[in-house]
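Those letters in the sequence shown? Residues 3 to 354, per my numbering, in order. For every residue, glycine included, the Cβ atom is placed at its ideal position computed from N, Cα and C. The structure displayed is predicted, hence computed values, not measured ones. Read the structure below first, then the notes.
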Amino acid sequence: MIRGMAGRDGSGPEIVELGSVPGFVVFDLPGAPLSAGGTRLAPDVSVAEVAVLARSMTYKFPADRAGKAALMARFCAEVRTLTDAGRFLTGPDMGTAEEDFAPLRERRAAPAAIRAAVAGVPFEDLLTGYGVAVAAETALGGAAEGWHGHSVAIEGFGKVGGGVAREVSRRGGRVVAVSTVAGCVADPAGLDVERLLELRRSHGDGCVLRYGRPVMPARQLFTEVNADVLVPGTRPGTIDGQTARSLPPGVRVVAPAANAPYTAAGAEVLRRRGIVALPDFVCNAGAVLGYRSAADATPDQVLTAVEARISELIRTALGHPDGPLAGAFEQAGGFLRSWWGEPPGPPFAPEG
Numbered sequence: 003m004i005r006g007m008a009g010r011d012g013s014g015p016e017i018v019e020l021g022s023v024p025g026f027v028v029f030d031l032p033g034a035p036l037s038a039g040g041t042r043l044a045p046d047v048s049v050a051e052v053a054v055l056a057r058s059m060t061y062k063f064p065a066d067r068a069g070k071a072a073l074m075a076r077f078c079a080e081v082r083t084l085t086d087a088g089r090f091l092t093g094p095d096m097g098t099a100e101e102d103f104a105p106l107r108e109r110r111a112a113p114a115a116i117r118a119a120v121a122g123v124p125f126e127d128l129l130t131g132y133g134v135a136v137a138a139e140t141a142l143g144g145a146a147e148g149w150h151g152h153s154v155a156i157e158g159f160g161k162v163g164g165g166v167a168r169e170v171s172r173r174g175g176r177v178v179a180v181s182t183v184a185g186c187v188a189d190p191a192g193l194d195v196e197r198l199l200e201l202r203r204s205h206g207d208g209c210v211l212r213y214g215r216p217v218m219p220a221r222q223l224f225t226e227v228n229a230d231v232l233v234p235g236t237r238p239g240t241i242d243g244q245t246a247r248s249l250p251p252g253v254r255v256v257a258p259a260a261n262a263p264y265t266a267a268g269a270e271v272l273r274r275r276g277i278v279a280l281p282d283f284v285c286n287a288g289a290v291l292g293y294r295s296a297a298d299a300t301p302d303q304v305l306t307a308v309e310a311r312i313s314e315l316i317r318t319a320l321g322h323p324d325g326p327l328a329g330a331f332e333q334a335g336g337f338l339r340s341w342w343g344e345p346p347g348p349p350f351a352p353e354g
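Structural data, given as structure tokens:
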């Protein structure tokens, strides 16, 4: 069943309700020849949340484990008509992995590099975190200054947050705090990332409880941790006006791993405070760029291309007089006008 959801201008996204599973697909630009976005599997995912995530993808793309296989098989069977028609691309997001989409890859296989593993970690799990680390490094001064001497606090320590932590450490930075739903653990001298990753493999979100340092409530990552870079990595709207006002004075850069982390008020508070708010749809575009790479590209070639493209986009956005968010919105809007028409509004989450 297809239904619409009216927006402020009387129009809105197209929502395709699925019948075989309790799910839906949201198209931010109804009638666009191709849409793309991750598939989330969580009990509290709402149409409103997915609608703002779809808006973020517009700007970016210029459960029960025992029952998951059957659920994803039914999902793939129902959306296959959309993917076979070339209208819809999808891939892993919250609660899903690349292997869940095997039925959709028969005609449009992911590049070989995406299906590879690096040091035992699926390559697709590395790409998004890699791009976030690259974007933040560019904002900190580029490769010349790099991550050396700089610190990061990461909200969410799943596959993307873990990828950010690993890449920041590899580039010489300090991961001074991570949070999960179980709480937040911090160390100004730097956490042992490999130990945390090992604990995560054994204990999931409870890794922070097993690390051996005091555990704070998860939200205190935004109020008590003084890091150079903050990485919001969970749900939309995390950086609202109140949170933006509460960030410690040492925060210089916000580099999102999550889609649509800012509300309009939150972004404005960051601008007034002189905190560089990087665009989420550039920071976390690593996997999108990877999926669009050549079929025979090697992992190293994909990483090189992702770093070059994200660095270029962030440098251009940083040069905008109203800040990098405005610069990125302007770039994305110009691209959308070249083939779609007047673009929908920026992907801000609703306040509150």
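Is it buried or exposed for residue i, if we count other Cβ within 10 angstroms and need 16 for buried?
i	result
H152	buried
T225	exposed
T418	With the chain represented from 3 up to 354, any question about residue 418 goes unanswered, as that position is not in the structure.
A65	Residue confidence for A65 is low, a pLDDT of 41 falling below 50, so the modelled location carries little weight; the figure read from the coordinates is stated next. By the 10 Å Cβ count, A65 comes out exposed.
T306	exposed
G164	buried
T140	buried
D282	buried
R67	For R67, the predicted structure reports a pLDDT of 45, less than 50, and the residue's modelled location is therefore unreliable. The matter cannot be settled from this model.
V255	buried
G33	exposed
V120	exposed
A155	buried
P15	buried
P301	buried
R349	Strictly speaking, residue 349 in this sequence is Pro, with Arg absent from that position. Looking at its Cβ environment, which holds 16 or more other Cβ atoms inside 10 Å, P349 is buried.
T357	Nothing about residue 357 can be read from this structure; the chain reaches only from 3 to 354.
A330	buried
S22	exposed
E51	buried
A310	exposed
D127	buried
E108	exposed
P94	buried
R275	exposed
S340	exposed
L36	exposed
S48	exposed
A8	Its pLDDT being 42, under 50, A8 is placed unreliably by the model, and the measurement read from it follows with that caveat. It counts as exposed.
A71	exposed
E147	exposed
Assuming residue i contacts residue j under a Cβ cut-off of 8 Å, what Cβ separation, rounded to an integer in Å, is found between them?
i	j	result
L55	C78	Wrong, their Cβ atoms sit about 20 Å apart, outside the cutoff.
A351	G235	That belief does not hold up - the Cβ atoms of A351 and G235 are roughly 14 Å apart, past 8 Å.
G292	V271	Incorrect: roughly 33 Å between the Cβ atoms, too far for contact.
R89	P346	Their Cβ separation, rounded to whole angstroms, is 18 Å, which puts R89 and P346 out of contact at 8 Å.
M96	L43	7 Å
A229	A179	7 Å
V177	G160	Incorrect: roughly 15 Å between the Cβ atoms, too far for contact.
V187	V217	6 Å
A74	D30	Checking the sequence, you will find Met at residue 74 rather than Ala. About 23 Å separates the two Cβ atoms, so there is no contact after all.
G185	L211	7 Å
C285	A266	Not quite, the Cβ-Cβ distance comes to about 18 Å (not below 8 Å), so this is no contact.
G268	A246	4 Å
Could you pull the start and end residues of the alpha helix (DSSP H) that residue i belongs to?
i	result
P326	P326 to R339
E314	P301 to L320
V18	That residue, V18, is in no alpha helix (DSSP H); its beta strand (DSSP E) goes E16 to E19.
A269	A266 to R275
A56	V49 to K62
F125	F125 to L142
G288	G288 to Y293
R233	At residue 233 the sequence reads Val, which differs from the Arg that was named. Counting along the chain, V233 falls outside any alpha helix (DSSP H), though it belongs to the beta strand (DSSP E) covering V231 to V233.
D298	Taken as a continuous stretch (DSSP letters only), D298 belongs to no alpha helix (DSSP H), as it is neither H nor E.
A246	G243 to S248
F350	Looking at the DSSP string, F350 is not in any alpha helix (DSSP H), and its letter there is neither H nor E.
F224	Segment: none, F224 is in no alpha helix (DSSP H) and carries neither H nor E.
V284	D282 to C285
Note the first and the last residue of the continuous beta strand (DSSP E) segment covering residue i.
i	result
G39	S37 to T41
G214	Where G214 is concerned, there is no enclosing beta strand (DSSP E), given that its DSSP letter is neither H nor E.
F159	Taken as a continuous stretch (DSSP letters only), F159 belongs to no beta strand (DSSP E), as it is neither H nor E.
F29	F26 to F29
How about residue i: is its Cβ closer than 7 Å to a heavy atom in the ligand ATP?
i	result
V255	No copy of the ligand ATP occurs in the structure displayed, which carries no ligand at all.
- Item | Every unbroken beta strand (DSSP E) inside the stretch 175 to 201 [3 residues or more] | 176 to 182 and 185 to 188
- When the Cβ atoms of the stretch 301 to 319 are set against those of the stretch 259 to 274, are three or more pairs found closer than 8 Å? no
- Query: Within the chosen definition, does the stretch 202 to 216 reach the stretch 166 to 173 through at least 3 CB pairs nearer than 8 Å?
  - Reply: no
- Item | Runs of beta strand (DSSP E) wholly within the stretch 68 to 118 (minimum 3 residues, chain order) | 90 to 94
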